[in-house]
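Asks: Each residue of the sequence shown is one higher than the last, beginning at 1 in full-length UniProt numbering. Think of the CB as a built atom: it goes at the ideal place given N, C-alpha and C, for glycine as much as any other residue.
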Amino acid sequence: MSLPMTEGEGTMAEIMEAMVQKHIPLIEEAGRQGVQILCLQEIFNTPYFCPGQDKAWYASAESVPGPTTDRMAEYAKKYDMVIIVPVYERESAGFLYNTAAVIDADGTYLGKYRKNHIPHTTGFWEKFFFRPGNLGYPVFQTKYAKVGVYICYDRHFPDGARVLGLNGAEIVYNPSATVAGLSQYLWKLEQPAHAAANGYFMGCINRVGEEKPWNLGRFYGTSYFVDPRGQTIAQASEDQDELLIADFDLDLIEEVRNTWQFFRDRRPETYEKLVEL
1 MSLPMTEGEG TMAEIMEAMV QKHIPLIEEA GRQGVQILCL QEIFNTPYFC
51 PGQDKAWYAS AESVPGPTTD RMAEYAKKYD MVIIVPVYER ESAGFLYNTA
101 AVIDADGTYL GKYRKNHIPH TTGFWEKFFF RPGNLGYPVF QTKYAKVGVY
151 ICYDRHFPDG ARVLGLNGAE IVYNPSATVA GLSQYLWKLE QPAHAAANGY
201 FMGCINRVGE EKPWNLGRFY GTSYFVDPRG QTIAQASEDQ DELLIADFDL
251 DLIEEVRNTW QFFRDRRPET YEKLVEL
């Protein structure tokens, strides 16, 4: 979801609250429709500010757990719904991360994932804002499934996606902020490949629209779900904010893995090159 604005328009608190208010009707709708696991977009409570390099946005970082995760925990409890909450995290002065918290259906904070792969290129000056993650690739046992998180640029790296599978993930969510252009064709290629290679479901979430004043380009939406065979089972539109819902049959994971024994047949002793500096 996107909120058109001019950089510096309103206080930081007003900007962040406006973004949260934009999400609340969809969170409520998810609850009413019985959604069991809900994932929001990358740094959901601010615009995607990384096309600029304005340190004023450091002020939008907060502790995790903290005020926003506490607020989302109330919705999790209200609707018996797991919520993945991507925010800008402040661990301490100068230690800032692109993070996603996982809140269980009873409102319990289960933990967080910190984005491991940080891009730094035209329009995506993320190293100005985020340190690389240092928590590995955790998987969280929620009420409904074992959930892992990968964030945006992470999706270009198959290694972490494999580790999430080896760590037991049944569903991996990838909240993103990606625009039309160079990498758009990869949006529908890489994540089905991760799902098929590792035998799990993926939820692939993208923003919609344009955000001023950066004019990075059009966030093209098309959020989608993909099954362990790499097949898309539901897809959102390109041009409007919406709630995308799909049913996951977790029994399909075992069926697929019993057919494609990729974890059995992998040869880690031959992969030394993967960890050479």
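Leaving out five residues on either side along the sequence, give the residues of the same chain with a beta carbon under 6 Å from the beta carbon of G8.
Replies: For this step, residue 8 is matched to residue 8 along the sequence shown. In this prediction, G8 has a pLDDT of 47, which is less than 50 and means its spatial position is unreliable; what the coordinates show is noted afterwards. Here the set comprises nothing.
Asks: Spatial neighbours of L26 within its chain, please: C-beta separation below 8 Å, excluding the five flanking residues on both sides.
Replies: As a first step, residue 26 is located in the sequence shown; it is residue number 26 there, counting from the start. Result list for L26: M1, D241, E242 and L243, in chain order.
Asks: Under the rule that 16 or more other beta-carbon atoms within 10 Å means buried, what is Y137, buried or exposed?
Replies: Sequence index remark: in the sequence shown, residue 137 carries index 137 (1-based). Buried: at least 16 other Cβ atoms inside 10 Å.
Asks: When the Cα of I253 is compared with those of I171, T121 and L135, which residue comes out closest?
Replies: Residue numbering aside, residue 253 sits at position 253 when the sequence shown is read from its first letter. Among I171, T121 and L135, the Cα nearest to that of I253 belongs to I171.
Asks: Short check: CB of C204 to CB of S183, under 7 Å?
Replies: Locating residue 204 in the sequence shown gives position 204, counting from the first residue. Locating residue 183 in the sequence shown gives position 183, counting from the first residue. Not in contact: C204 and S183 (Cβ atoms no closer than 7 Å).
Asks: Should G34 go down as buried or exposed, given a rule of 16 or more other Cβ atoms within 10 Å for buried?
Replies: Taking the sequence shown and counting its residues from 1, the one referred to as residue 34 is at position 34. Counting Cβ neighbours within 10 Å, G34 comes out exposed, since fewer than 16 surround it.
Asks: Identify, in the order they occur along the chain, each residue of the same chain with its Cβ nearer than 6 Å to the Cβ of I24, setting aside the five sequence neighbours on each side.
Replies: As a first step, residue 24 is located in the sequence shown; it is residue number 24 there, counting from the start. Closer than 6 Å at Cβ, skipping near neighbours: no residue.
Asks: Spatial neighbours of L274 within its chain, please: C-beta separation below 8 Å, excluding the five flanking residues on both sides.
Replies: For the purposes of this step, residue 274 is identified with residue 274 of the sequence shown, where counting begins at 1. Result list for L274: D159, in chain order.
Asks: Give me whichever residues DSSP pairs with M81 in a beta bridge.
Replies: As a working mapping, residue 81 is identified with position 81 in the sequence shown. Bridge partners of M81: none, in fact.
Asks: According to DSSP, is T6 helix, strand or coil?
Replies: The residue you call residue 6 lines up with position 6 of the sequence shown. Because T6 carries a pLDDT of 46, less than 50, the predicted location of this residue cannot be relied on, and the following value inherits that uncertainty. Three-state result, T6: coil.
Asks: Taking the CB atoms as reference points, tell me whether S237 and G221 lie closer together than 7 Å.
Replies: As a position in the sequence shown, residue 237 is number 237, starting the count at 1. As a position in the sequence shown, residue 221 is number 221, starting the count at 1. Cβ distance < 7 Å, so S237 and G221 count as in contact.
Asks: Mind checking who E89 pairs with in its DSSP beta bridge?
Replies: What you label residue 89 is simply residue 89 of the sequence shown in a count that begins at 1. Note: E89 sits in a beta bridge opposite E62 and Y97.
Asks: Which same chain residues, not among the five before or five after N167, have their C-beta less than 8 Å away from its C-beta?
Replies: To locate residue 167, count along the sequence shown from 1; it is residue 167. The residues are Y137, P138, V139 and G148.
Asks: Is G199 near V256, with beta carbons less than 7 Å apart?
Replies: If you number the sequence shown from 1, residue 199 lands on position 199. If you number the sequence shown from 1, residue 256 lands on position 256. Contact flag set, yes.
Asks: Taking 7 Å as the threshold (C-beta atoms), are I43 and Y75 in contact?
Replies: As a first step, residue 75 is located in the sequence shown; it is residue number 75 there, counting from the start. As a first step, residue 43 is located in the sequence shown; it is residue number 43 there, counting from the start. The answer is no: Cβ separation not under 7 Å.
Asks: Quick one: grab the DSSP three-state call for P180.
Replies: As a position in the sequence shown, residue 180 is number 180, starting the count at 1. In the sequence as presented, Pro is not what sits at residue 180; that position holds Ala. Coil at A180, not helix or strand.
Asks: Between the C-alpha atoms of R267 and G133, what's the straight-line distance to the nearest angstrom?
Replies: Working through the sequence shown from its first residue, we reach residue 267 at position 267. Working through the sequence shown from its first residue, we reach residue 133 at position 133. Rounded to the nearest angstrom, the two C-alpha atoms are 27 Å apart.
Asks: Does the Cβ of residue 278 have 16 or more other Cβ atoms within 10 Å, making it buried, or fewer, making it exposed?
Replies: The question about residue 278 has no answer here: the residues shown for the chain are numbered 1 through 277.
Asks: Consult DSSP for R155 and reduce its assignment to one of helix, strand or coil.
Replies: Position 155 of the sequence shown, counting from 1, holds the residue named residue 155. Three-state result, R155: helix.
Asks: Pick out whichever of A177, T68 and F157 has its Cα sitting closest to the Cα of E210.
Replies: Counting from 1 along the sequence shown, the entry for residue 210 is found at position 210. Nearest option by C-alpha distance: A177.
Asks: If we ignore side chains and look at the alpha-carbon of each, how far apart do Y271 and R264 end up?
Replies: Counted from its first residue, the sequence shown places residue 271 at position 271. Counted from its first residue, the sequence shown places residue 264 at position 264. Roughly 15 Å separates the two Cα atoms.
Asks: Between G199 and chain D, is any beta-carbon pair separated by less than 7 Å?
Replies: In the displayed structure, chain D is absent; only one protein chain is listed.
Asks: Could you tell me the alpha carbon to alpha carbon distance between E276 and I15, rounded to whole angstroms?
Replies: Stepping through the sequence shown from its first residue, residue 276 is reached at position 276. Stepping through the sequence shown from its first residue, residue 15 is reached at position 15. If you take the alpha carbons of E276 and I15, they lie about 43 Å apart.
Asks: Look at the alpha carbon of Y58 and the alpha carbon of F157, and state the distance between them as a whole number of angstroms.
Replies: Start at 1 with the first residue of the sequence shown, and residue 58 comes out as number 58. Start at 1 with the first residue of the sequence shown, and residue 157 comes out as number 157. Looking at the two C-alpha atoms, the distance is approximately 27 Å.
Asks: Taking the alpha carbon of Y150 as the point to measure from, which residue in W214, K112 and G107 has its own alpha carbon closest?
Replies: Counted from its first residue, the sequence shown places residue 150 at position 150. Comparing Cα-Cα distances from Y150 to each of W214, K112 and G107, the minimum goes to K112.
Asks: Fully enclosed by the stretch 4-45, which alpha helix (DSSP H) runs are 4 residues long or longer?
Replies: Segments of the alpha helix (DSSP H) lying fully in the stretch 4-45: 12-32.
Asks: Pull up the distance between the alpha-carbon of V179 and that of F219, whole angstroms please.
Replies: As a position in the sequence shown, residue 179 is number 179, starting the count at 1. As a position in the sequence shown, residue 219 is number 219, starting the count at 1. Taking the straight line joining both Cα atoms gives about 4 Å.
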